[in-house]
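Written below as structure tokens is the structure these notes are about.
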Amino acid sequence: MSTALPPHLIVFAREPELGRVKTRLAAGIGAEAALAVYRELLALSAAAVTAAQVPATIWLAEAPAGADPTQPRPEWPGFPWREQPAAGTLGERMSQAFREALAAGAGRVVIMGTDCPGLSADLLRRAFDQLLHHDVVVGPADDGGYYLLGMNALHPDLFANKAWSTASVLPDTLADAARLGLRVAHLPTLHDVDSAQDLATWRGHSGPGGGH
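Just so you know, the sequence shown maps onto residues 202 to 413 in this note's numbering.
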């Protein structure tokens with residue numbers, strides 16, 4: 202991986218707290234089961250981030266009560282963390298994270314969430330490699346969103362005027378990129394786990410309404 206454009210990975214995550222994670226999933230399987238699934242997704246995400254061997258910062262949706270900001274969180278051993286801005290849309294929070302990473306000297310910045318069990322270290326490395334030849338890299342999710350987005354300069358339009366958590370996010374983002382004349386690389390489409398049906402699909406069997 203080239204060092205001419207230093208990479209930095211941003212991970213948007215939540216603390217694994219009962220009743221505060223995976224609320225859509227919890228509506229289908231209960232809060233305790235949803236928390237267990239989220240812990241599983243966190244472990245998979247952390248393993249991929251560790252194996253990718255790129256500098257990373259964990260941005261938590263809420264700071265844990267009494268947590269020492271100088272100490273890594275148990276779910277993210279070895280990685281610094283900070284709190285996401287309390288206000289603003291998801292797009293505004295992501296835009297700020299990109300802005301800070303680029304201002305700190307990163308030349309290729311990728312953001313990921315923790316909902317995609319198929320996101321591997323290899324895909325993370327591929328995302329950074331694509332940014333050597335493209336302006337933007339996107340990892341499409343099969344629900345119409347994306348599990349990963351990367352760029353080598355901040356393009357605020359990609360985060361503005363989006364109906365977050367809907368199927369329009371990815372097409373609207375790609376439309377903005379095309380309007381701006383950006384070169385976009387696409388990673389494979391993966392499956393996010395947000396609902397009971399998503400969980401059933403991931404586990405490999407059909408839930409209510411049938412599987413994929």
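Just so it is clear, CB atoms sit at the ideal spot from N, CA and C, and this is done for glycine as well.
Exercise for review: Alpha carbon to alpha carbon, how far is L359 from E263? Give it in angstroms, no decimals.
Suggested key: Straight-line measurement puts the Cα of L359 at about 24 Å from the Cα of E263.
Check your understanding: Taking the Cβ atom as the reference point for each residue, do T315 and W365 lie within a distance shorter than 8 Å?
Key -> no
Practice item. Count the CB pairs spanning the region 388 to 403 and the region 216 to 228 that are closer than 8 Å, and state whether there are at least three. Key: yes
Check your understanding: Do you know how far the Cα of L320 is from the Cα of I312?
Key -> 12 Å
Review point. In chain order, what residues of the same chain have a beta carbon less than 8 Å from the beta carbon of L219, not counting five sequence neighbours either side?
Key: If you ignore the 5 residues before and after L219, its C-beta comes within less than 8 Å of the C-beta of A232, E233 and L236, all in its own chain and listed in chain order.
Practice item. Could you say which of F329, A368, H335 and E301 lies nearest to V385 if we only look at CA atoms? Key: H335
**Study point:** N- and C-terminal bounds of the beta strand (DSSP E) containing F420
**Key:** Outside the displayed span of the chain (202 to 413) sits residue 420, for which this structure offers no information.
**Study point:** Reduced DSSP secondary structure (H/G/I, E/B, other) of E284
**Key:** strand
Practice item. Determine which residues share a DSSP beta bridge with R312 and list them. Key: The residue asked about is misnamed: residue 312 is Ile in this sequence, not Arg. Paired residues: I211 and L350.
Review point. Leaving out the 5 sequence neighbours to the left and right, which residues in its chain are closer than 8 Å to L325 when beta-carbon positions are compared?
Key: L210, A249, V250, A253, V255, V311, M313 and L349
Review point. Do H356 and L391 have their CB atoms nearer than 8 Å?
Key: In this structure, L391 does not lie closer than 8 Å to H356 by Cβ.
Check your understanding: Can you tell which of D323, A247 and D269 has its C-alpha closest to the C-alpha of P389?
Key -> D323
Practice item. Have a look at the DSSP bridge pairing and note the partners of H387. Key: V339
Review point. Rounded to the nearest angstrom, how far is the Cβ of L242 from that of P318, given a contact under 8 Å?
Key: 6 Å
Check your understanding: Roughly how many angstroms lie between the CA atoms of L333 and L206, to the nearest whole one?
Key -> Each residue's alpha carbon lies about 8 Å from the other.
Point to revise | CB-CB length for R283 against W260, believed under 8 Å | key: 6 Å
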